[in-house]
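Presented below is the structure to which this report refers.
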Amino acid sequence: MLEERRETLQKTIEFLQNRMTIQPKIAIVLGSGLGGLTKEIEILDEIPYGEIPNFPVSTVKGHKGTLIFGRLNQVEVVVLNGRFHYYEGYPMQTVTYPEHVFAGLGVKTLILSNAAGGMNPTFQVGDIMLIRDHINMFGSNPLLGPNDDTLGPRFPNMSQVYSPRLLKIAHQKAKALGIHVQEGVYIGVSGPCFETPSEYKAYYILGADAVGMSTVPEAIVGVYRGLEVFAFSVITDLGIVGQVMEATHEEVLAAATGAEPNMVKLICEMLPEI
Numbered sequence: 095m096l097e098e099r100r101e102t103l104q105k106t107i108e109f110l111q112n113r114m115t116i117q118p119k120i121a122i123v124l125g126s127g128l129g130g131l132t133k134e135i136e137i138l139d140e141i142p143y144g145e146i147p148n149f150p151v152s153t154v155k156g157h158k159g160t161l162i163f164g165r166l167n168q169v170e171v172v173v174l175n176g177r178f179h180y181y182e183g184y185p186m187q188t189v190t191y192p193e194h195v196f197a198g199l200g201v202k203t204l205i206l207s208n209a210a211g212g213m214n215p216t217f218q219v220g221d222i223m224l225i226r227d228h229i230n231m232f233g234s235n236p237l238l239g240p241n242d243d244t245l246g247p248r249f250p251n252m253s254q255v256y257s258p259r260l261l262k263i264a265h266q267k268a269k270a271l272g273i274h275v276q277e278g279v280y281i282g283v284s285g286p287c288f289e290t291p292s293e294y295k296a297y298y299i300l301g302a303d304a305v306g307m308s309t310v311p312e313a314i315v316g317v318y319r320g321l322e323v324f325a326f327s328v329i330t331d332l333g334i335v336g337q338v339m340e341a342t343h344e345e346v347l348a349a350a351t352g353a354e355p356n357m358v359k360l361i362c363e364m365l366p367e368i
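Counting with the working numbering, you get residues 95 to 368 for the letters of the sequence shown.
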């Protein structure tokens with residue numbers, strides 16, 4: 095089983111290495127409604143997922159489904175323009191397959207973005223929340239099963255998933271740009287249902303400030319593979335006690351798109367410092 099996984103991963107990596115004209119050290123995963131960042135990229139190669147051997151295909155509206163190699167603010171990057179979700183029916187290993195590919199390509203830093211529901215009463219729709227920690231409520235883990243010691247440790251240390259160095263850079267750049275940012279804990283759930291009022295309340299009591307259906311599995315594998323991880327949420331709806339919004343996926347996409355300019359500015363300014 096492990097040998098088969100290694101061969102599958104290696105085929106993907108070799109295909110991409112043969113296409114690559116740059117050696118990006120930073121990978122960016124774009125969440126729902128945040129694909130506008132690609133407009134700022136000097137695209138050198140854009141590959142549909144369906145053309146990449148063994149690569150899954152995203153089925154969610156708002157996720158284009160291409161892997162981009164290019165330059166953003168003069169920094170070489172590889173961008174996952176549309177991620178994979180557990181609620182689409184993929185196994186956790188498939189959801190996090192791109193992170194293994196990134197590590198195999200020589201990436202050192204992983205930047206994750208998502209659209210999330212805010213539960214902290216100080217949050218507003220359109221806020222950017224820098225993630226300092228997470229709670230895994232998926233009911234699963236991408237590292238279940240036999241461990242491949244050539245990829246990472248059996249028991250990864252999760253005491254500091256999100257890089258304090260990158261959080262500091264993000265706060266500094268946000269202040270310089272005049273962008274208001276929040277900081278908090280993200281709770282990852284399987285979805286695809288939006289949360290009930292009681293679930294929002296329970297998650298906030300547990301210590302979470304925002305809730306979403308992605309990011310946690312990818313961050314786990316990022317740490318497992320030795321990547322420096324940074325992540326943020328765009329708050330697209332509110333689940334504050336007494337103020338629960340009846341959000342639709344279309345409204346979430348619209349709110350994410352509205353907050354996108356600040357997200358783009360922040361990432362662009364951070365990259366040279368990383």
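For each residue, glycine too, the CB sits at the ideal point set by N, CA and C.
Member of the options whose CA lies at the smallest distance from the CA of residue i
i      : options                           : result
Ile368 : Thr290, Gln168 and Tyr318         : Gln168
Gly200 : Leu365, Glu354 and Ile116         : Ile116
Phe217 : Glu134, His274, Pro355 and Gly316 : His274
Ala210 : Ala325, Glu363, Thr188 and Glu98  : Ala325
Ile361 : Ile122, Phe109 and Gly198         : Ile122
Tyr64  : Thr330, Leu131, Val317 and Ser152 : Residue 64 lies beyond the residue range present for the chain, which begins at 95 and ends at 368; the question has no answer from this structure.
Asn175 : Gln187, Tyr181, Val151 and Val219 : Val151
Leu110 : Pro258, Leu321, Gly125 and Gly144 : Gly144
Thr106 : Met95, Pro118 and Ala197          : Ala197
Val172 : Gly233, Pro185, Thr290 and Leu131 : Leu131
Leu365 : Pro118, Arg99 and Met95           : Pro118
Ile205 : Ala353, Ser327, Pro355 and Thr351 : Ser327
Ser308 : Met231, Glu108, Pro355 and Ile141 : Met231
Ile229 : Gly212, Gly301 and Tyr184         : Gly301
Span separating the alpha-carbon of residue i from that of residue j
i      : j      : result
Arg165 : Glu136 : 5 Å
Ile162 : Pro240 : 31 Å
Lys267 : Leu261 : 10 Å
Lys202 : Asn235 : 22 Å
Tyr404 : Asn112 : A query on residue 404 cannot be resolved here, the shown segment of the chain reaching from 95 to 368 and no further.
Lys359 : Glu170 : 16 Å
Asp221 : Glu101 : 42 Å
Val279 : Val310 : 11 Å
Leu332 : Lys269 : 24 Å
Met252 : Gly129 : 29 Å
Val189 : Ser207 : 15 Å
Ser292 : Pro147 : 43 Å
Ala313 : Gly336 : 31 Å
Leu138 : Ile120 : 15 Å
Glu97  : Ile225 : 35 Å
Gly272 : Ile263 : 14 Å
Pro243 : His194 : For clarity, residue 243 is Asp in the given sequence; the question names Pro instead. Between Asp243 and His194, the C-alpha separation is close to 13 Å.
Val315 : Tyr180 : 14 Å
Glu322 : Met114 : 22 Å
Lys295 : Glu289 : 10 Å
Gly246 : Pro192 : 15 Å
Glu134 : Met357 : 12 Å
Met95  : Gly282 : 28 Å
Ile334 : Ala304 : 10 Å
Gln104 : Gly125 : 26 Å
Gly306 : Ile299 : 16 Å
Asn214 : Asp227 : 15 Å
Gly233 : Glu344 : 27 Å
Leu237 : Val219 : 34 Å
Glu182 : His265 : 34 Å
Gly159 : Gln254 : 30 Å
Pro142 : Cys287 : 28 Å
Pro372 : Arg319 : Nothing about residue 372 can be read from this structure; the chain reaches only from 95 to 368.
Pro185 : Thr330 : 27 Å
Residue i (DSSP reduced to helix, strand or coil)
i      : result
Ala302 : coil
Val335 : coil
Ile141 : strand
Leu174 : strand
Thr115 : coil
Leu128 : coil
Thr330 : strand
Ile273 : coil
Glu344 : helix
Met357 : helix
Met364 : helix
Glu134 : helix
Thr309 : coil
Ile146 : coil
Thr290 : coil
Gly285 : coil
Val151 : coil
Bridge partner(s) assigned by DSSP for residue i
i      : result
Tyr280 : His228 and Ala304
Ile120 : Val171 and Thr203
Phe109 : Answer is none; Phe109 lacks a bridge partner.
Glu322 : Thr203
Ile162 : Glu140 and Val173
Test: residue i CB closer than 8 Å to a CB of chain C
i      : result
Ala264 : The structure shown contains no chain C; it is built from a single protein chain.
Let me know the alpha helix (DSSP H) ranges lying completely inside the segment 182–270, each 4 residues or longer, listed in chain order.
-> DSSP runs (the alpha helix (DSSP H)) wholly in the segment 182–270: 186–189 and 191–198.
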